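Structure, as structure tokens:
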Amino acid sequence: MPKDGGIGASTKRREDVRFLTGNGRYTDDINLRGQAHAFFLRSQVAHGKINTIDTSAAEAMDGVIRIFTAKDFEGVGGVPCGWLITDKHGQPMQEPKHPVLAEGKVRHVGDPIAVVIAETLDQARDAAEAIDLDIEDLPAVVDMKAALSADAPKVHDELSSNLCYDWGFVEENKAAVDEAFASAAHVTSLELVNQRLIANPMEPRVAVGDYDPWNDNSTLYTTSQNPHVIRLLMGAFVLGIPEHKLRVVAPDVGGGFGAKIFHYAEEAFCTFAARQLKRPVKWTSSRSEAFMSDAHGRDHVTKIELALDAENNFTAIRTETYANMGAYLSTFAPSVPTWLHGTLMAGNYRTPLIYVNVKAVFTNTVPVDAYRGAGRPEATFQLERVVDKAARELGVDPVELRRQNFIKADQFPYATPVAVEYDTGNYDATMDKMLELSDYAGFAARAEESKKRGKLRGFGIAHYIEACGIAPSNLVGQLGARAGLYESATVRVNATGSISIYTGSHSHGQGHETTFAQVVADMIGIDAGQVEINHGDTANTPMGMGTYGSRSLAVGGSALVKATNKVINKAKKIAAHLLEASEADIELADGKFTVAGTDKSVDWAGVTLAAYVPHNYPLESMEPGLEETAFYDPSNFTYPSGAYGCEVEVDPDTGEVEIIGFTAADDFGNVVNPMIVEGQVHGGLAQGIGQALLERCVYDADGQLVSGSYMDYAMPRADNVPNYTVDHSCVTPCTHNPLGVKGCGEAGAIGSPPAVINAVIDALQRGGHSHVTHIDMPASPSRVWAAMNAK
Amino acid sequence: MTKVTLTVNGRSMSGQAEGRTLLSSFLREELGLTGTHVGCDTSQCGACVVHVDGQAVKSCTVLAQDVEGANVTTIEGMANADGSLNTLQQAFQDHHGLQCGFCTPGMVMAASSLLAENPKPTEAEVRHYLEGNICRCTGYHNIVKAVMAASGQDVSDTVAAE
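The listed protein sequences derive, respectively, from chains D and V.
Just so you know, we're using the numbering used here here: the first sequence kicks off at 706 and counts up by one.
Just so you know, we're using the numbering used here here: the second sequence kicks off at 3 and counts up by one.
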């Protein structure tokens, strides 16, 4: 039984009290003295030439302070892209400029054209309506394949085409893969769409820029998952402000799911405008604005083929994917369909040959970037759908086909043909656990019972792998990342023994204030209440890369362990001095330093006090104080995996799908706080089920965003989702980080979409609709009904 | 601008409102009660739910001037008199019914209204009642569990497998 507040305990979250009483401090809760308000005038057309912007009438309106357009940004950099992809010919991707405000052309609905700054938000909004815009409509491209035709309108006139890159991975394997297909006993192929989604954290984005002219200091308060990354990108590439003159604060942040990783134009704008006006400038996104300005997710169109030999062994996989970049390259956009997707195409299987082709395409739509899972859900969906389809075509049990091809527990570490090495895993164990918890053996009887009620019951399985703990810096540097991906922590022990932690990881719902304290408290053996976690402010935390890719505990937690070990090592030296013993004989347990084999001891607070009141202290050999910083750069990714089972009932009259049960058996390695881990899985499952059954971002042919509000974009609600059965008892600890942890934030969203769709197909097949072999997501009632009734 | 006076969490509070000023903005911007959150602009998300004269309402659907003199309860007024979490708030913490905390105020206000109307709701009733409150973090499992637990019902069978 873990100690309360230690590693392994379901410690209640300390952050909850402020959130439950209305005392959270989110960015929109910040109002600075003298603050002005910004309202962004955005394009209503998908593609157009800006002829004139007449702001004269608007400028004369009450409360208007200034109106900014692109001409105010001459000499200011564009919003940068953080990842350079090299195409299959060895050439760099096409990388267009992304201006803070549209220059000459608008390229998507929502592209910002002008910003009104006024004393109140209402005044700014009213004045924006008085701006006279002359925009000449240009034909828009929305469909990716159409965008690549020779006569397609170009999103960026200065580029040679709408193709960002054509990437082949592993290009050297292509011929061998083609050969394997030519000699295959069976080939299963599947064309599918991984639809465009909108992350929709419940807190819309907010930016408050502040400027202190007397010290030339800029501060940005923003809704970010990674304030240091924003400082780096905005300071170095957009505004030219050195780090010591730029502070970025991300206070309580109301969810991210990827959409708050990226550096956005509004952040640079508010920081810039505050400097120009010498007063604070605040922008709060409305939800409508969020739909057309937050980076979207997914939006892949793929053909996948699986080759099998006569014994049903997988021999090769070949994919061709079109990936929508939208109108500009968002911060990490180019990496999502490539390194975060292609490297996962081996899944849990021993397929020896894999070739992945990805064509990234510019269209007149909102930029697309990482959304919960980012590339890995796309890979998993293709793979787990095609494996299921193959099982059906071959007339074999989908569980057995998977098991037959699993990488087995004794085959780790396992190097895949797509350039990653899985350190640990036990896929049969998670499969067994899922089948047990979901009572798979009893499914046939339940299906029979459904049939009596006129319903079609189906069971769908998916087994996923993901790569988390992003990422070894030297590796990602070779792959085109324009940043390192380490994490940092400072452990500041105070004189009385309490501890202040400063971490580069950011919490926006994950509960780090609780779990990071559990780790440190456990290592030292003190009460977790003595440990305070500080994050989200570049002024007081060491340079860190923030939270995404399920990396916080695996990378940030490892930095924390490293720094805490440095503290413990120094504390032991102090204890040895105080106890007049050899350092090698000092043991730390339960917050007490003891000379091994004796009853001589000094407690934690005795050592920390000596560090800061060094009257009896080895000053000749050691500095006073007890504070250490560590940076941790992972040597590999972590590889969480798991088996998901979804049981559905389809109403054959309406096509409506009801999820009867959902079981997730995950291997996350070691777990610090089971309650929080389970909550992360629940949330991921709801997003994955949302993708499978409800959510879809829709553009019409002219590039108008049709699903531009919660009236049109179907978010999962309480009555759309089931209770989940989640389990994390199958543990193969990560071998290369000190906590043995793998990461749990994205798993639910990765494994669940194929499980749901496999279940729907299974229900229809069992119900006699054998012609239905695939339904694109979301499997809405109309789509399911249409598929069932297609002749 | 018109002066609007409300009784908020038992205290008389006044501020200025235009005809178009929403109760949600009035609470946040004029009265400084930032616990009420605004998550959308189509009255869909429920983050802004408060109680007006005992009824749960989305405060973004109410004009501040229209509720002059009303008795309003916000999330800031929900804790026990000694500042400790009330039964429902405590159940949210105990059952991990919140993650980022942004939808939480509206969720608590809506759920407290449900329990006032229906002290022992079924799980289906809880899910149906909270259909107007969107949470993107929790997948609802633990929110439903927290509300059921706060109503005094046994939630041990919805405990996730350990």
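No residue lacks a Cβ here, since even glycine has one placed at the ideal position from N, Cα and C.
Just so it is clear, the structure is predicted and the values come from calculations on it, not from any experiment.
Beta-carbon proximity list for residue i, same chain, < 8 Å, skipping 5 on both sides
i               : result
K1297 (chain D) : G1230, S1306, V1307, D1308, W1309
T1201 (chain D) : A1310, T1313, L1314
M80 (chain V)   : N88, L90, Q91, V110, M111, S114
G1100 (chain D) : none
T757 (chain D)  : D837, L838, D839
M15 (chain V)   : T7, L8, T9, L33
Delimiting residues of the beta strand (DSSP E) encompassing residue i
i              : result
S16 (chain V)  : 13-19
L868 (chain D) : 868-874
W988 (chain D) : 986-989
P817 (chain D) : 817-823
D759 (chain D) : 753-759
K60 (chain V)  : 57-60
Residue of the options minimising C-alpha distance to residue i
i               : options                            : result
N1428 (chain D) : D:I1394, D:C1449, D:F773           : D:I1394
Y1404 (chain D) : D:I1175, D:Y1132, D:N1069          : D:N1069
H891 (chain D)  : D:I1291, D:N1017, D:R1097          : D:N1017
L1410 (chain D) : D:L1399, D:R901, D:I1112           : D:R901
C1435 (chain D) : D:L982, D:T1043, D:M1139           : D:M1139
K1447 (chain D) : D:P1345, D:A1491, D:H752           : D:P1345
D816 (chain D)  : D:D921, D:A857, D:Y969, D:G1147    : D:Y969
G1389 (chain D) : D:M1416, D:Q1215, D:I1273          : D:Q1215
G1182 (chain D) : D:K1156, D:K965, D:I790, D:R1108   : D:I790
F977 (chain D)  : D:K1064, D:S1212, D:F773           : D:F773
P918 (chain D)  : D:H933, D:G940, D:K950             : D:K950
C1351 (chain D) : D:S1035, D:T1368, D:V1362, D:L1161 : D:T1368
H1046 (chain D) : D:C1173, D:K1156, D:N920           : D:C1173
D734 (chain D)  : D:F874, D:P844, D:E908             : D:E908
E884 (chain D)  : D:A819, D:I1059, D:S1178, D:V986   : D:I1059
G873 (chain D)  : D:M1050, D:H752, D:E800            : D:M1050
CB-CB length for residue i against residue j, believed under 8 Å
i               : j               : result
L938 (chain D)  : G787 (chain D)  : 7 Å
Q101 (chain V)  : T140 (chain V)  : 6 Å
A129 (chain V)  : V157 (chain V)  : The amino acid occupying residue 129 (chain V) in the given sequence is Arg; Ala does not appear at that position. Not confirmed; about 14 Å, so no contact.
V1006 (chain D) : V898 (chain D)  : 5 Å
F724 (chain D)  : G103 (chain V)  : 3 Å
V784 (chain D)  : V805 (chain D)  : 7 Å
L1444 (chain D) : V1198 (chain D) : Not confirmed; about 20 Å, so no contact.
T1036 (chain D) : V911 (chain D)  : Wrong, their Cβ atoms sit about 18 Å apart, outside the cutoff.
L1293 (chain D) : A1316 (chain D) : Actually they are not in contact, since the Cβ atoms of L1293 (chain D) and A1316 (chain D) sit about 15 Å apart, beyond 8 Å.
D871 (chain D)  : D792 (chain D)  : 5 Å
T1497 (chain D) : E863 (chain D)  : With chain D represented from 706 up to 1496, any question about residue 1497 (chain D) goes unanswered, as that position is not in the structure.
Classification of residue i by the beta-carbon crowding that lies within 10 angstroms, buried from 16 upward
i               : result
S1210 (chain D) : buried
S1143 (chain D) : buried
A162 (chain V)  : Per-residue confidence for A162 (chain V) stands at a pLDDT of 42, beneath the threshold of 50, marking its modelled position as unreliable; the derived number appears in the next sentence. It counts as buried.
A148 (chain V)  : buried
D68 (chain V)   : exposed
T1043 (chain D) : buried
G1031 (chain D) : buried
D1318 (chain D) : A small correction: the amino acid at residue 1318 (chain D) is Val; Asp does not occupy that position in the sequence shown. So V1318 (chain D) ends up on the exposed side.
W988 (chain D)  : buried
A855 (chain D)  : exposed
P1122 (chain D) : buried
S1212 (chain D) : buried
Contact set between residue i and chain B, taken where Cβ atoms lie within less than 8 Å
i             : result
F94 (chain V) : The structure shown contains no chain B; the protein chains it does contain are D and V.
Residues near residue i by beta carbon distance below 6 Å, same chain, minus five either side
i              : result
D837 (chain D) : D759
A762 (chain D) : A835
R952 (chain D) : T924, T1243, A1244
R730 (chain D) : P956, D957
R718 (chain D) : G1216, T1219
H98 (chain V)  : N144
Element boundaries [alpha helix (DSSP H), containing residue i]
i               : result
T1219 (chain D) : 1217-1229
F1197 (chain D) : Correcting the residue identity first, residue 1197 (chain D) is Arg in this sequence and not Phe. That residue, R1197 (chain D), is in no alpha helix (DSSP H); its beta strand (DSSP E) goes 1192-1198.
F1086 (chain D) : 1081-1099
Cutoff 7 Å; reference residue i; Cβ partners in own chain excluding five residues on either side
i               : result
E164 (chain V)  : Here the model assigns E164 (chain V) a pLDDT of 35, short of 50, so the residue's position is not dependable, and the following value carries that caveat. Result list for E164 (chain V): empty, nothing under 7 Å.
N11 (chain V)   : T75, T76, E78, G79
P947 (chain D)  : G940
N1341 (chain D) : E1126, D1128, P1177, H1441
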